[in-house]
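Trainee: Have a look at the structure that comes next, please.
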Amino acid sequence: YRPLPSRRALLAALGLAACVLVSLWPPDAAAQKRGGKLVYALGGDPYSPAPYVFGGLPGMSINGAQYNSLLHINSEGKLVPELAEGYEIVDPTTYVFTLHQGVTFHDGDMLDADEVVFGLKFYMSKESGATRGALLREMLATLEKVDDLTVRLMLKSPNASIWQILALRDVPVISKQWVEAGHDYRRE
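Residue numbers (the numbering used here): -18 to 169.
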C-alpha cells in the first residue's frame, strides 16, 4: 500500500506545471523581434540548396521555411491557398488565381502577378534546372497576368496533378527583381 500525495503536494505540482506551461507560451507579435540567427537541425543534408531542385525531405523542409508556393497542402492533407488568396476553376483547363495583397519577398519586393508569371516561367526554363520544369512545360499552354493580383493558367489538356505540383515546396515563387539583379538563387 502506497499513500496518495497530500492535497498540498498536488496543488504545488499543479502550480509548477502551470508556471512551466506559461513560460513555454510564445510571446505576442508586438513583443517578437525581427532578425537574428536561426539554427535548424535536420536529419540529413539536402541534395541541393536550390529552391527549384528537389532536395529530398531535408530540402523540402528548408524550402518550406524560406519560400512559398501558390498553394499548400496543410497538416490534414487538404489543398489550401498559400500565396494565392483563392482560385477559380473556369473550365477543366483554365484556372485563375487571385493573390494575397501586401505580401513581400525577403528583399522587400512586393508579390504581384508579374512575379508569379516570371517565377513559373523561370521554373519551366532549362536554365533553372528545376526538377519538374519539363513536366510543367508539358502541361501548361499559357500563363498570363490578368491584373496586378490575378494570374491565369491554361493547360494543354485537363490534368488534375497541376494542383499537387503548384503546392510542392520545390515549386516556389521567387523574386523577379532579385534574380534579374544577378543573384544566384542556387547559392544565396
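Yeah, the Cβ is synthetic: ideal placement off N, Cα and C, and Gly gets one too.
Please give the ranges of any alpha helix (DSSP H) in the stretch 102 to 133, keeping only runs that are unbroken, at least 4 residues long and fully inside the region.
Mentor: 114 to 120
Trainee: Look at Val71 and Val77 and say whether their C-beta atoms are less than 8 angstroms apart.
Mentor: The answer is yes: Cβ separation under 8 angstroms.
Trainee: Return the residue from the list Leu101, Arg(-12), Lys18, Val152 that minimises the CA-CA distance to Thr123.
Mentor: Per the Cα distances, Leu101.
Trainee: State the Cα-Cα distance for the pair Val154 and Pro39, rounded to the nearest angstrom.
Mentor: 19 angstroms
Trainee: Which residues bound the alpha helix (DSSP H) around Leu147?
Mentor: 142 to 148
Trainee: If you measure between the beta carbons of Asp93 and Gln158, is that distance less than 8 angstroms?
Mentor: no
Trainee: Check the C-beta distance from Val98 over to Lys126 and give it rounded, since I have them as a contact under 8 angstroms.
Mentor: 5 angstroms
Trainee: Nearest-angstrom Cα distance between Arg118 and Gln145?
Mentor: 15 angstroms
Trainee: May I have the straight-line CA-CA distance separating Leu121 from Arg113, to the nearest angstrom?
Mentor: In this structure, the alpha-carbon of Leu121 lies about 12 angstroms from that of Arg113.
Trainee: Can you give the Cα-Cα distance for Ala(-2) and Val61, rounded to whole angstroms?
Mentor: 36 angstroms
Trainee: Please state whether the Cβ-Cβ distance between Leu147 and Leu52 is less than 8 angstroms.
Mentor: yes
Trainee: Quick one: complete beta strand (DSSP E) runs, 3+ long, within the stretch 37 to 66?
Mentor: Annotation: the stretch 37 to 66 contains the following complete segments of the beta strand (DSSP E) (minimum length 3 residues), in chain order: 52 to 54, 60 to 62.
Trainee: Look at Asn49 and Glu69 and say whether their C-beta atoms are less than 8 angstroms apart.
Mentor: It is not a contact, given that the beta carbons lie outside the stated cut-off.
Trainee: So, for Thr75: in the same chain, excluding its five sequence neighbours on each side, which residues have a beta-carbon less than 6 angstroms away from its beta-carbon?
Mentor: Met135
Trainee: According to DSSP, is Phe78 helix, strand or coil?
Mentor: strand
Trainee: First and last residue of the alpha helix (DSSP H) that includes Lys157?
Mentor: 157 to 161
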